[in-house]
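Let me begin by presenting the structure, written as structure tokens, before commenting on it.
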Ligand code: 5GP
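In our numbering, the protein residues as written are 1 to 208.
Below is the structure:
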């Protein structure tokens, strides 16, 4: 059976990660999104079960203690976690999954899964990032300060990722992301039956 691709993407918030993930999923419907649990409140337009499973703190901590999460982390004062079962199902069924998680979570997944593609997206500079966060208008100044502080920490841990991408020009960044996914798909592991198929398809067989 074809093995699904597990693609983990981390980036400081405001880097354009969600936009790139949405573009990728729209053009490559074989990917589905690993919906995380979070204790943060929903933002305008966010949908329960699609963007996140919004959860009370007590409930999250109890799920964590039961081993419900493949990885979890505290980010900007809230808890976030990836449900373990979804990852196991994807590994078993060959489905491709995208994880939009922070650096701490990516590091745990890398250790626990021992497979998959780990991509870190950089903003062109902290200055550009700050400007984007202000323009986005979803966070107050205090939150933006927290996010910039976090961005510095995340960037300092970016060496653990297999690939780096700079989102300066969105079109260019998307082309690079697609190129990465295409190259990854060439690994024999995703098409284990290919040699057999090629060997079994001969001209003489068709003309017997
Ligand atoms: P936001 O609150 O802006 O949606 O997400 C804040 C940060 O939490 C982002 O860096 C996002 O990638 C990360 N995040 C979202 N879901 C998870 C998760 O399940 N685990 C971890 N470790 N981080 C997550």
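For glycine and all other residues, C-beta sits at the position ideal for the given N, C-alpha and C.
Quick caveat, the model's predicted, so the values are computed rather than measured.
(request) Look at the alpha carbon of residue 154 and the alpha carbon of residue 58, and state the distance between them as a whole number of angstroms. (result) As a first step, residue 154 must be located in the chain shown, where it is residue number 154. As a first step, residue 58 must be located in the chain shown, where it is residue number 58. Rounded to the nearest angstrom, the two C-alpha atoms are 27 Å apart.
(request) Take the Cβ of residue 29 as the centre, count every other Cβ of all protein chains shown within 10 Å, and call the residue buried at 16 or more, exposed below. (result) One-based indexing of the chain shown puts residue 29 at position 29. When all chains shown are included, residue 29 counts as exposed.
(message) Based on DSSP bridge pairs, tell me the residues matched to residue 161.
(response) Here residue 161 corresponds to residue number 161 of the chain shown, with the count starting at 1. None, per the DSSP bridge assignment.
(request) Please name the residue in 48, 158 and 100 whose C-alpha comes closest to that of residue 34. (result) Here residue 34 corresponds to residue number 34 of the chain shown, with the count starting at 1. Nearest option by C-alpha distance: 100.
(message) Any heavy atom of ligand 1 inside 7 Å of the beta-carbon of residue 80?
(response) Here residue 80 refers to the residue found at position 80 of the chain shown. Correct: residue 80 has its Cβ closer than 7 Å to ligand 1.
(message) Below 8 Å, how does it come out for the region 118-135 and the region 160-177: are there three or more Cβ pairs, yes or no?
(response) Because the criterion of three Cβ pairs below 8 Å is met, the region 118-135 and the region 160-177 touch.
(message) Going by C-alpha to C-alpha distance, which of 62, 73 and 40 sits closest to residue 53?
(response) Here residue 53 is taken as the residue at index 53 of the chain shown, counted from 1. With respect to the C-alpha of residue 53, the residue from 62, 73 and 40 having the closest C-alpha is 40.
(request) Would you kindly check if the distance between the Cβ of residue 96 and the Cβ of residue 4 is under 8 Å? (result) Translated into positions along the chain shown, residue 4 becomes position 4. Translated into positions along the chain shown, residue 96 becomes position 96. Taking the C-beta atoms as reference points, residue 96 is found nearer than 8 Å to residue 4.
(message) If distances are taken between C-alpha atoms only, which option among 86, 179, 24 and 21 comes closest to residue 37?
(response) In the chain shown, counting from the first residue as 1, residue 37 sits at position 37. The shortest C-alpha separation from residue 37 is found at 86.
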